[in-house]
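**Student:**
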Amino acid sequence: MEIYRFLKENGKNNVSTIVGAFKLTQPTISYHLKEMRDAGILVSQKLGKEVYYSLSGQCPSSTEDCVLNQLKFHN
């Protein structure tokens, strides 16, 4: 949820920037980004060697309930 809020407030960011914003390891952040991307909450774009993530618009109301429902539905 915090990654979602971070991207909502900061827009498109690469994995390194997202990792730097949290006290979690890169593999942990990458796992959560993949889960949110697979659930349709995030979209990713590879530019060179970097992967950038941004909100997909799947939850236009930007409510936490919408995000949680998408993740539950995906799993």
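If you read the sequence shown in my numbering, its first letter stands for residue 73, the second for the next number, and so on. All C-beta atoms in this analysis are idealised placements derived from N, C-alpha and C, irrespective of residue type, glycine included.
Strictly by DSSP, which residues pair up with Val91?
**Tutor:** Answer is none; Val91 lacks a bridge partner.
**Student:** Please list the terminal residues of the continuous alpha helix (DSSP H) segment that includes Leu119.
**Tutor:** Per DSSP, Leu119 belongs to no alpha helix (DSSP H); it is in the beta strand (DSSP E), Leu114 to Leu119.
**Student:** Tell me the residue span of the alpha helix (DSSP H) that contains Ser102.
**Tutor:** Here the alpha helix (DSSP H) through Ser102 covers Gln98 to Asp110.
**Student:** Taking 7 Å as the CB-CB limit, is Val91 close to chain D?
**Tutor:** Absence of chain D from the displayed structure is noted, only one protein chain being present.
**Student:** Got a sec? Which residues, its chain only, sit under 8 Å from Lys84 by beta carbon, not counting five neighbours each side?
**Tutor:** Gln117, Tyr124, Tyr125 and Ser126
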